[in-house]
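*Asks:* Have a look at this one.
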Amino acid sequence: MLAPICSWAQPAMHADYRIVDRIPGADGGWDFASVDPAAGRLYVARSNGIMAVDLSDRKVTAALAPAHRAHAVLPMPGTREIVETDGETGLTRFIDGATGAVTAEVATGAKPDAAFLDPATGLVAVMNAGDGTIALVDPVRHALAGKIQVGGGLEFGVADGKGLGYVNIEDRNAIAVVDLKARRVLKSIALPGCEGPTGLALVANGTRLISACANKVAMIVDVAAAKVAGSFAIGSDPDAVLVDPARGLAFIPCGGTGTLEVVDIGDARHIRHAGTIQTQVGAKTGAIDPRNGRIYLPAATLAAPEAGAKRGKPVPGSFVVLVLAPVRS
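In this note's numbering, the protein residues as written are 85 to 413.
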């Protein structure tokens, strides 16, 4: 039985977090972000480059490296490299995080989008939204190691650390379960009541998935049972689920309503909506610094959408990274 859906507007503010800073950046679009705690840097995938922010002094490098509609930007642990997926060129690129030099380019598929590092295989899994494949890239050899044919509009994916991956399929309202070692699809988990799943996270020691859906709902999936175990209402236009395991919380940035939904993940049996933080319209992705729990949300003032467009274009001079800090660490 599904848990009852609760109103996303219940508390207008979550008392434990505040917006403490706004870091301006160059004009242009953006997608995913990540924090490299070892380097003390925030990376944001931008439409024409990789934005880097030194978190110790707020120094912004507007274009550490050029890009062509960048989507994912992942620091590689133990190295200076970051991995960027280049949506227009079909390339996954390796970039020196200190100098911005492109060290390698790998052709991975049509419209590479989200990506994650699989600890079990050591490979980077790249979701090719244009052809429904997952490209597996060896970050040591900078080479394509194989592909998994999934089909559909692939969105965000996560690894369980044991060789399995979970990927939202946006146009099928389902999660694909893939064996990254055997390089095959094992099964599909249906998401009844979810339309257009995008953001995805694995929580509660790998026992639950949280999937953010375009129809203002988040689904809680029991991994072992491979079925939806609950749901709750959220804001509109979510595109990520951010996890802070140290504080037992997850966050869903919703760009359409300008809200950050707070989720209590401390008890796998009772994952629940725990509050709403007012942020800014357009803030739909982000990253968490595991060192202090600070949340970084790229955003910009958006113009009215053109005919047929999902959202409006960023207004020149309005791009900013919102910084939210927990009141109690």
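The C-beta atom is built at its ideal place from N, Cα and C for all residues, glycine as well. Quick caveat: nothing in here was measured; it's all calculated off a predicted structure.
Could you check whether residue 324 and residue 282 sit closer than 9 Å to each other, using their CB atoms as the reference points?
*Replies:* Your numbering for residue 282 matches position 198 in the sequence shown. Your numbering for residue 324 matches position 240 in the sequence shown. Yes, Cβ-Cβ distance for residue 282 and residue 324 is below 9 Å.
*Asks:* Determine the closest residue to residue 234 out of 380, 299, 253 and 257, with distance taken between C-alpha atoms.
*Replies:* Taking the first residue of the sequence shown as 1, we reach residue 234 at position 150. Residue 253 is the option with its Cα nearest to residue 234.
*Asks:* Return helix, strand or coil for residue 329, following the three-state DSSP convention.
*Replies:* Position 245 of the sequence shown, counted from the first residue, corresponds to residue 329. Reduced to three states, the DSSP call for residue 329 is helix.
*Asks:* According to DSSP, simplified to helix, strand and coil, what is residue 353?
*Replies:* The residue labelled residue 353 in the question sits at position 269 within the sequence shown. Of the three classes helix, strand and coil, the one that applies to residue 353 here is helix, per DSSP.
*Asks:* Is DSSP giving residue 254 helix, strand or coil here?
*Replies:* One-based indexing of the sequence shown puts residue 254 at position 170. Looking at residue 254 - three-state DSSP - the assignment turns out to be coil, as it is neither helix nor strand.
*Asks:* Can you give the beta carbon distance from residue 288 to residue 352, rounded, assuming they're within the 8 Å contact cut?
*Replies:* The residue given as residue 288 occupies position 204 in the sequence shown. The residue given as residue 352 occupies position 268 in the sequence shown. So it is a contact: roughly 4 Å between Cβ atoms.
*Asks:* Would you mind listing the alpha helix (DSSP H) stretches within the stretch 192-245 that are 4+ residues and don't spill past its ends, in chain order?
*Replies:* The stretch 192-245 contains no whole alpha helix (DSSP H) run of 4 or more residues.
*Asks:* Taking the straight line between their C-alpha atoms, what separation do you get for residue 360 and residue 182?
*Replies:* Residue mapping note: residue 360 aligns to position 276 of the sequence shown, counting from 1. Residue mapping note: residue 182 aligns to position 98 of the sequence shown, counting from 1. About 36 Å.
*Asks:* So which of 210, 248, 107 and 333 has the shortest CA-CA distance to residue 231?
*Replies:* Here the question's residue 231 lines up with position 147 in the sequence shown. Closest option to residue 231, Cα to Cα, is 210.
*Asks:* Closest to residue 368 by C-alpha separation, out of 217, 342 and 215, would be which residue?
*Replies:* Taking the sequence shown and counting its residues from 1, one reaches residue 368 at position 284. Ranking 217, 342 and 215 by Cα distance to residue 368 puts 342 first.
*Asks:* Does the stretch 402-409 come into contact with the stretch 375-393, if we say contact requires no fewer than three beta-carbon pairs (one atom in each stretch) closer than 8 Å?
*Replies:* Flag = yes, the stretch 402-409 and the stretch 375-393 touch.
*Asks:* Between residue 427 and residue 165, which are expected to be in contact by the criterion C-beta below 8 Å, what is the C-beta distance as a whole number of angstroms?
*Replies:* The chain is shown from 85 up to 413; residue 427 falls before or after that span and cannot be answered.
*Asks:* Rounded to whole angstroms, how far is the Cβ of residue 162 from the Cβ of residue 146, which I believe are closer than 8 Å?
*Replies:* Against the sequence shown, residue 162 aligns to sequence position 78. Against the sequence shown, residue 146 aligns to sequence position 62. With a Cβ gap of about 27 Å, residue 162 and residue 146 do not count as contacting.
*Asks:* Since I believe residue 328 is in contact with residue 372 (beta carbons under 8 Å), could you give me their beta-carbon distance rounded to a whole number of angstroms?
*Replies:* Translated into the one-based positions of the sequence shown, residue 372 becomes position 288. Translated into the one-based positions of the sequence shown, residue 328 becomes position 244. Contact holds; Cβ gap of about 5 Å.
*Asks:* Going by the beta-carbon positions, is the gap between residue 207 and residue 259 smaller than 9 Å?
*Replies:* To locate residue 207, count along the sequence shown from 1; it is residue 123. To locate residue 259, count along the sequence shown from 1; it is residue 175. No, the Cβ-Cβ distance between residue 207 and residue 259 is not below 9 Å.
*Asks:* Just verifying my parser: in three-state terms, what is the DSSP assignment at residue 116?
*Replies:* On the sequence shown, residue 116 is found 32 positions in, with the first residue counted as 1. Strand, per DSSP.
*Asks:* Whole angstroms is fine: what's the gap from residue 397's alpha carbon to residue 153's?
*Replies:* What you label residue 397 is simply residue 313 of the sequence shown in a count that begins at 1. What you label residue 153 is simply residue 69 of the sequence shown in a count that begins at 1. Spanning the two alpha carbons is a distance of roughly 14 Å.
*Asks:* What does a CB cutoff of less than 7 Å around residue 150 pick up in its chain, not counting 5 residues either side in sequence?
*Replies:* The count along the sequence shown starts at 1 and reaches residue 150 at position 66. Cβ neighbours of residue 150 beyond the five flanking positions: 132 and 133.
*Asks:* Just the C-alpha distance for residue 395 and residue 101, rounded to the nearest angstrom, thanks.
*Replies:* Looking up residue 395 in the sequence shown gives position 311. Looking up residue 101 in the sequence shown gives position 17. The straight-line gap from Cα to Cα measures roughly 27 Å.
*Asks:* Nearest to residue 249 by CA position, among 285, 404 and 278, is which residue?
*Replies:* Here residue 249 refers to the residue found at position 165 when the sequence shown is read from its first residue. If we check each option's Cα against that of residue 249, 285 comes out closest.
*Asks:* Roughly how many angstroms separate the alpha carbons of residue 244 and residue 307, rounded to a whole number?
*Replies:* Locating residue 244 in the sequence shown gives position 160, where the first residue counts as 1. Locating residue 307 in the sequence shown gives position 223, where the first residue counts as 1. Roughly 10 Å separates the two Cα atoms.
*Asks:* Buried or exposed: where does residue 270 fall if 16 or more other Cβ atoms within 10 Å of its Cβ makes it buried?
*Replies:* As a working mapping, residue 270 is identified with position 186 in the sequence shown. Classification of residue 270: exposed, given that the 10 Å Cβ count is below 16.
*Asks:* Return the bridge partner residues of residue 364 from the DSSP annotation.
*Replies:* Here residue 364 is taken as the residue at index 280 of the sequence shown, counted from 1. BP columns for residue 364 are empty, so no partner.
*Asks:* Which one of 116, 304 and 316 has the shortest CA to CA distance from residue 274?
*Replies:* Numbered from its first residue, the sequence shown carries residue 274 at position 190. When each option's Cα is compared against that of residue 274, the closest is 304.
*Asks:* Which value, in whole angstroms, describes the spacing of the CA atoms of residue 312 and residue 141?
*Replies:* As a working mapping, residue 312 is identified with position 228 in the sequence shown. As a working mapping, residue 141 is identified with position 57 in the sequence shown. Whole-angstrom Cα-Cα distance: 43 Å.
*Asks:* Report the residue from 113, 112, 128 and 111 whose alpha carbon sits nearest the alpha carbon of residue 119.
*Replies:* Within the sequence shown, numbered from 1, the residue matching residue 119 stands at position 35. Considering only alpha carbons, the answer is 128.
*Asks:* Give me the Cα-Cα distance between residue 172 and residue 195, rounded to the nearest whole angstrom.
*Replies:* Walking along the sequence shown from the start, residue 172 turns up at place 88. Walking along the sequence shown from the start, residue 195 turns up at place 111. Using only the alpha carbons, I get a separation of about 6 Å.
*Asks:* How many Å lie between residue 264 and residue 205 at the Cα?
*Replies:* Translated into positions along the sequence shown, residue 264 becomes position 180. Translated into positions along the sequence shown, residue 205 becomes position 121. The alpha-carbon atoms of residue 264 and residue 205 are separated by roughly 7 Å.
*Asks:* Starting from residue 165 and walking both ways along the beta strand (DSSP E), at which residues does that stretch end?
*Replies:* On the sequence shown, position 81 is the one that residue 165 refers to. Counting along the chain, the beta strand (DSSP E) containing residue 165 begins and ends at 165-170.
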